[in-house]
Structures are given as C-alpha cells and as structure tokens.
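First comes the structure, then the notes that go with it.
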Amino acid sequence: MPTGTDQGILSSESYLTLPLMFPSSTFRLSGPAALRLCGSAALRVSGSPSLRLCGSAALRLCGSAALTKLPVTKHISAAFFRCGVALQSVFTGNPSTSPSTQYPEMDNSPLPLLKAFLPKVPLIGKTAFSHTLGFSEHSRYWDLRTELTISVIRSFVVDSPPRPLGQLQRMSIKGSEVKGRIWISRVVLRKPEEEDVWTKLQAAIDGLREEGEEKGRGVRRCEIKDVEAEWTGYRAGATKNSLELRISEEQKYKEMMREVRSPITILYFHGGAYYLMDPATHRPTNKKLAKLTKGRCLSVRYRLAPQNPFPAALLDALISYLTLLYPPPGSLHTPVAPEHIVFAGDSAGGNLSLVLLQTILELSRQGLKVTWNGTERALPLPAGVATSSPWTDITHSSRSCTTNQKYDYLPSLASSQHGQKRYPPDALWPASPPRKNLYAEDAILCNPLVSPLAAKSWAGSCPLFIQTGEELLRDEGRHVAAKAAAQGVRVCYEEYERMPHCFALVLEKLPASHAFFASWAGFMTRCVSEPQAIVTSGKVVRPKTLDESPVDVEGLSREADEAVLARMKARVRVMSGELPDTMSKL
Numbered sequence: 001m002p003t004g005t006d007q008g009i010l011s012s013e014s015y016l017t018l019p020l021m022f023p024s025s026t027f028r029l030s031g032p033a034a035l036r037l038c039g040s041a042a043l044r045v046s047g048s049p050s051l052r053l054c055g056s057a058a059l060r061l062c063g064s065a066a067l068t069k070l071p072v073t074k075h076i077s078a079a080f081f082r083c084g085v086a087l088q089s090v091f092t093g094n095p096s097t098s099p100s101t102q103y104p105e106m107d108n109s110p111l112p113l114l115k116a117f118l119p120k121v122p123l124i125g126k127t128a129f130s131h132t133l134g135f136s137e138h139s140r141y142w143d144l145r146t147e148l149t150i151s152v153i154r155s156f157v158v159d160s161p162p163r164p165l166g167q168l169q170r171m172s173i174k175g176s177e178v179k180g181r182i183w184i185s186r187v188v189l190r191k192p193e194e195e196d197v198w199t200k201l202q203a204a205i206d207g208l209r210e211e212g213e214e215k216g217r218g219v220r221r222c223e224i225k226d227v228e229a230e231w232t233g234y235r236a237g238a239t240k241n242s243l244e245l246r247i248s249e250e251q252k253y254k255e256m257m258r259e260v261r262s263p264i265t266i267l268y269f270h271g272g273a274y275y276l277m278d279p280a281t282h283r284p285t286n287k288k289l290a291k292l293t294k295g296r297c298l299s300v301r302y303r304l305a306p307q308n309p310f311p312a313a314l315l316d317a318l319i320s321y322l323t324l325l326y327p328p329p330g331s332l333h334t335p336v337a338p339e340h341i342v343f344a345g346d347s348a349g350g351n352l353s354l355v356l357l358q359t360i361l362e363l364s365r366q367g368l369k370v371t372w373n374g375t376e377r378a379l380p381l382p383a384g385v386a387t388s389s390p391w392t393d394i395t396h397s398s399r400s401c402t403t404n405q406k407y408d409y410l411p412s413l414a415s416s417q418h419g420q421k422r423y424p425p426d427a428l429w430p431a432s433p434p435r436k437n438l439y440a441e442d443a444i445l446c447n448p449l450v451s452p453l454a455a456k457s458w459a460g461s462c463p464l465f466i467q468t469g470e471e472l473l474r475d476e477g478r479h480v481a482a483k484a485a486a487q488g489v490r491v492c493y494e495e496y497e498r499m500p501h502c503f504a505l506v507l508e509k510l511p512a513s514h515a516f517f518a519s520w521a522g523f524m525t526r527c528v529s530e531p532q533a534i535v536t537s538g539k540v541v542r543p544k545t546l547d548e549s550p551v552d553v554e555g556l557s558r559e560a561d562e563a564v565l566a567r568m569k570a571r572v573r574v575m576s577g578e579l580p581d582t583m584s585k586l
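Each residue of the sequence shown is one higher than the one before, starting from 1 at the first, in the UniProt record's numbering.
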C-alpha cells in the first residue's frame with residue numbers, strides 16, 4: 001500500500017479510520033429544518049415544490065420540527081460518533097475552535113448533515129429494499145438498522161474527499177461538554193526527573209530486533225513529556241442531562257472515587273490509527289466499562305502521529321503505567337497494585353495495549369528495572385490485557401485484509417491503493433525528514449513493539465482477551481491469540497460472525513454489542529477478582545441469535561514466525577513502491 005505523498009485518505013494508516021458525524025446528544029436538530037426517514041420515496045421541503053427521489057426510503061425536511069425518534073438515522077449518527085473520525089471536515093472543511101478549549105467544537109447546524117445525507121438517499125433506499133426482501137446476503141446476519149449503518153459508513157469512507165491531515169486530526173479530537181452519568185477528572189501525569197524511562201524503552205526496542213539488525217535504526221530520539229489523561233467513572237446519581245459540576249479536578253476525582261466499588265483500574269488507550277481521536281471521543285466506552293466493572297478508567301491522551309511518530313505513543317503509555325504504580329507527589333491517586341490494573345484498548349489502542357505488554361515482557365527478559373523519580377523500580381505485569389479489534393499488523397499483510405471486505409466498513413487494500421485520493425500537503429504531512437508511513441519508519445514496521453503480530457514470544461504474559469469481528473483485521477487477531485495460547489498464556493478469544501471492525505463501539509444498541517461489553521468487562525473483572533478462574537477459551541458468536549460455537553484457540557493459526565515476518569516485509573516493500581501489489585487483487 002503506497003504511503004507518503006502518494007498516500008491517500010484511504011491509506012495504510014487511515015485504513016482504520018471512520019467518519020465522525022454528530023454525537024447522539026447533539027443530533028436533535030432545532031430550528032427550521034430536521035432530517036427524517038420516511039417510508040415514501042420523496043424528498044420534500046416544507047413550503048417548496050417536492051423533489052422526487054428513487055428508493056424505498058427518503059429524507060423529508062420538516063418545518064420547525066426537531067429530530068427525535070428516528071431510529072435508523074439517529075443510529076447511523078451515533079455510530080459515526082463512536083468511530084470518532086472527522087467526517088465533519090468532509091461536510092464543512094472549516095474547523096472552528098472554542099475560545100475556552102484547544103479542541104474544535106462540533107457544528108450542530110443541520111446544513112452539513114443534510115449535505116452529507118442527501119446523496120445517500122438512493123443507497124439507503126436500495127439497501128432497505130434489498131434487505132427487506134431478503135436479497136441481501138447480510139440479511140441473514142444483520143438487522144436492517146445494522147446494514148443501513150454499515151452501508152452508509154462504508155460509502156462515506158470510500159467517497160470522502162481528501163483533506164489535509166492536520167485538519168482531519170483536529171476534527172477527530174472532539175470538543176464537547178461532559179454530560180450525563182459520567183465523572184471526568186482531567187489530570188496531567190508528570191514526566192520523571194530522569195531520562196531512564198527512554199533509555200529502557202530503547203533497550204526493549206533493540207532487544208526485539210532481528211539478529212544482525214542495526215540498533216537504533218528507524219527510531220528517532222523521543223522527548224519525554226508530561227502526559228494528559230482523564231479519570232473516568234460512572235456517576236450513578238446523575239441523569240442523562242446532568243452537567244459537569246463546577247468544582248476542581250481534584251474534587252471531581254474524590255466524588256468519582258466515592259462511587260467506585262471495585263479495586264479495578266482500567267488503563268485505556270483509544271483507537272484512531274495512531275493519528276486520530278482522543279480520550280474525549282471514547283468517554284462513552286470508558287463510562288460503560290466503569291459502570292460494568294464498578295471500577296475506574298484512566299484514559300490516556302497519548303501523542304499522535306505523524307508529528308509524533310513511534311515510539312512517542314508507547315513512551316506515553318509506559319509513563320502512564322509507571323505513574324499508576326508509583327505516583328509522584330501531588331498525584332490525585334495513591335499507588336495502584338499491578339494486580340488491580342488491566343490494559344484495554346480498541347483498534348490502534350489495542351495495539352498500544354499489546355506493545356506495552358511486550359515492552360514489559362522484554363525488559364523482564366533482560367532483567368532491567370527503571371529509575372523513576374530517583375528510585376529504581378520494577379516493571380511488573382498488569383492483571384490482564386483486554387482488546388477490541390486490535391490492530392496488530394501495521395503493514396496489513398494478513399489475507400483477511402482483502403477477503404473480509406464485504407463484512408466491514410474499512411476500505412479494502414484494492415480500494416486504497418496508489419493514491420487515488422491524496423492528502424493535500426500541510427504542516428503535518430509530508431513529514432520532515434520525509435518518511436513513507438504515518439506512524440513509523442519503514443525500517444521499524446516489523447518490530448514487535450510496532451506490529452505485535454511479529455512477536456515471537458508471549459511466554460510469561462498475563463491473561464489476554466482478544467475480540468474480533470469477521471473484519472479485515474480478523475486474521476491478525478487470530479494469529480496473536482493462537483501464538484500466545486500455544487506458549488501457555490491464558491487467552492480468551494471471541495469472534496463475532498459477519499460483524500465489522502469495533503462493531504460494539506459503533507453499533508452500541510445491538511444485542512451482540514451488549515453481549516460483547518458484558519464479556520469484555522467480565523474478563524477485566526475476573527483478572528482482578530478471581531484470576532485463577534481464567535482459562536483459555538475461544539468462541540464464535542452469531543450476532544442475531546447470540547448462539548455460540550467453541551473454537552480451539554491454538555488452532556486459529558498455525559503460521560510459522562518466519563512466514564509471518566516474510567509477508568510483513570513484503571507488504572512494507574509494496575508500501576514503499578519496491579514491489580508490485582498482488583495481494584489487493586485477491
């Protein structure tokens with residue numbers, strides 16, 4: 001897959017990104033117009049001639065009505081919000097920034113929404129017609145709402161016009177008020193006094209290189225910085241309309257802790273292909289996990305690429321974990337025992353969870369400790385690592401990246417080749433000095449701390465939870481699960497038949513999504529409360545019926561390490577233009 005200046009919006013990195021529309025909390029449209037799905041095939045504007053459209057569904061503009069109970073349209077909007085990527089830039093191209101925050105405000109005007117949805121009316125009609133009559137192959141597995149949502153998301157992903165990377169990144173960092181049954185306490189995790197955390201991270205990176213590979217190759221000096229994060233808890237006494245209390249962050253933390261009923265602390269890393277999104281976009285996910293586990297989440301605002309390439313995000317993650325274990329003076333929290341901490345993340349955040357675990361394992365193999373604020377500290381394993389649709393191969397070398405396109409909203413390799421859509425240059429991209437990949441140098445893409453698919457050893461790891469859909473990233477999730485289980489790691493693997501990437505975060509109202517969150521949070525709870533009860537298990541879940549079929553986790557993949565590394569290296573050469581692409585034509 002080509003990258004760099006020839007890299008399109010649907011490229012190796014943005015491959016894992018989705019449009020952002022409007023959160024369900026802001027989807028109610030007040031004013032002269034509102035969007036409505038109708039059973040007829042007409043688009044009508046109150047007070048003006050009607051415009052007839054084809055299809056079994058249409059959009060109607062209604063005078064002064066507010067959008068309230070529109071299950072399909074509202075569901076699609078909420079789905080875009082959960083994905084957290086800035087389709088708003090497609091609508092307006094003009095991010096606005098609130099004077100009170102560094103993050104852009106969402107435009108609640110109906111016009112961008114209408115502009116986006118009007119061209120999709122024929123698609124919505126065609127999809128509804130095909131699904132209702134049973135012509136769609138997806139109707140056996142998806143309900144109508146799911147198929148409409150995935151079809152529209154896929155259409156936006158494929159057809160979205162190119163935008164500068166900086167604009168996309170700003171748009172993906174959602175600035176909005178904290179509202180509802182959620183506690184948010186914003187904190188700054190102070191950098192350590194010394195540089196040893198960087199030195200030890202370098203040692204881990206070099207220790208996982210191939211034999212004979214030059215140390216330091218593909219890694220630039222990374223500045224150690226303070227890390228922003230959000231403590232998140234469930235606010236049981238609030239209503240869905242409750243606003244954030246006007247009290248200090250310290251007091252918010254204390255109020256949150258009064259409602260925490262479990263010792264579990266979830267160290268959460270958001271998704272977004274390493275160059276998009278933010279803890280704010282994942283507050284609904286963290287709130288749900290905090291509620292289900294009765295614990296708390298620390299959601300990390302790690303540095304984003306391309307302006308902060310590998311290993312900046314991993315360094316921030318490592319500092320976050322050390323801060324939980326050994327908080328410096330002035331921290332809101334007291335030391336957290338490692339057996340009470342679970343790493344969790346979705347997509348790229350799942351990658352970050354796994355590479356942080358690989359860092360800990362490698363430093364343990366080398367017998368290294370970290371000097372942290374004047375004291376030599378051990379780096380123990382957490383209680384567990386729990387991932388949703390983890391992106392374990394930055395190169396996208398697995399076969400499912402091509403074969404599972406019809407079940408996913410992510411663009412296929414074939415649709416994202418050769419720069420059909422290019423990033424207009426801006427201050428972020430192309431990078432200086434130039435490189436091909438947004439997240440990391442080509443020379444380091446196959447290192448296990450970039451692509452954990454390449455890890456040769458998971459021995460000694462804490463329990464792992466790996467969930468995938470029948471998505472483009474399925475095969476790489478399968479391989480990591482099988483590899484770890486074969487080496488004695490307790491692995492809980494779940495695959496949801498015919499479901500797309502991070503489906504439970506996108507289609508949150510589905511019964512399958514509720515089942516996934518219960519399983520995800522249940523694993524985290526067991527890691528802390530009864531770790532001895534965790535055993536290796538695998539299952540495939542049918543989303544409509546929730547019927548389950550057991551699978552042999554070790555049998556999910558039998559591919560040898562050498563074969564995995566060879567195909568990853570081949571993909572890197574394709575991405576850099578050294579080899580012709582054959583995989584995307586499968």
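Even for Gly, the Cβ is constructed at its ideal location relative to N, Cα and C.
What does the Cβ neighbour count give for residue i, buried or exposed, with the cut at 16 atoms within 10 Å?
i	result
V574	buried
I150	buried
L298	buried
Q467	buried
R498	buried
A66	Note that A66 scores a pLDDT of 31, beneath 50, so its modelled location is shaky and nothing firm can be said.
A481	buried
K69	Confidence is the limiting factor: at K69 the pLDDT is only 36, short of 50, which leaves the residue's position unreliable, though a coordinate-based value still follows. Exposed.
G218	buried
E137	exposed
R246	exposed
Q366	exposed
D475	buried
S12	Reliability fails at S12, whose pLDDT of 37 lies under 50, so the model's placement of it is uncertain and the value that follows must be treated cautiously. So S12 counts as buried.
K200	buried
L384	Rather than Leu, the amino acid found at residue 384 in this sequence is Gly. So G384 ends up on the buried side.
F135	exposed
Quick test of your reading: residue i and residue j, contact by CB under 8 Å. State the CB separation rounded to the nearest angstrom.
i	j	result
L276	V227	Rounded, the Cβ-Cβ distance is 18 Å, inconsistent with contact.
T265	I341	5 Å
L267	S320	6 Å
D561	G538	The pair is not a contact, with the Cβ atoms about 21 Å apart (cut-off 8 Å).
P504	S353	Note that residue 504 corresponds to Ala in the displayed sequence, not to Pro. Contact flag wrong, Cβ pair sits at about 16 Å.
A431	I394	Not really, about 16 Å apart at Cβ, beyond 8 Å.
Of all the options the options, which has the alpha carbon lying nearest to the alpha carbon of residue i?
i	options	result
I205	W520, L445, R567	L445
G233	Y493, L510, G295, G166	G295
F343	W520, H514, P543	W520
T359	E339, P380, C502	P380
L546	P511, E223, V528	P511
T323	K191, E530, A443, V564	K191
L289	T536, S537, A515	A515
C508	G272, K200, G212, H282	It is worth fixing the name first, because residue 508 is Glu in this sequence and not Cys. Checking every option, the nearest Cα to that of E508 belongs to H282.
G166	P382, V541, L472, Y423	Y423
G349	A313, G367, R365, R377	A313
V310	E376, V450, E548	Position check: residue 310 holds Phe in this sequence, whereas Val was assumed. Taking only the C-alpha atoms, the option nearest F310 is V450.
T536	P543, L368, I153, P550	P550
R186	M524, R145, I153, E230	E230
A116	V157, L144, E147	V157
D408	I153, E494, P327, Q532	I153
S331	G374, P452, K254	K254
State the DSSP-derived secondary structure class of residue i, mapped to helix, strand or coil.
i	result
C297	strand
W198	helix
T387	strand
A512	helix
S537	strand
P550	strand
L61	With a pLDDT of 31 at L61, under the threshold of 50, the modelled position of that residue is not reliable, and no figure is offered here.
T127	helix
T281	helix
E250	helix
L314	helix
V157	helix
L43	With a pLDDT of only 32 at L43, under the threshold of 50, the placement of this residue in the model should not be trusted; the figure read from the coordinates follows. In the structure shown, L43 sits in a strand (DSSP, three-state: E or B).
Who does residue i pair with in a DSSP beta bridge?
i	result
F269	V300, G345
E376	T371
Y496	G469, V541
L189	V227
T232	I184, C297
K179	L243
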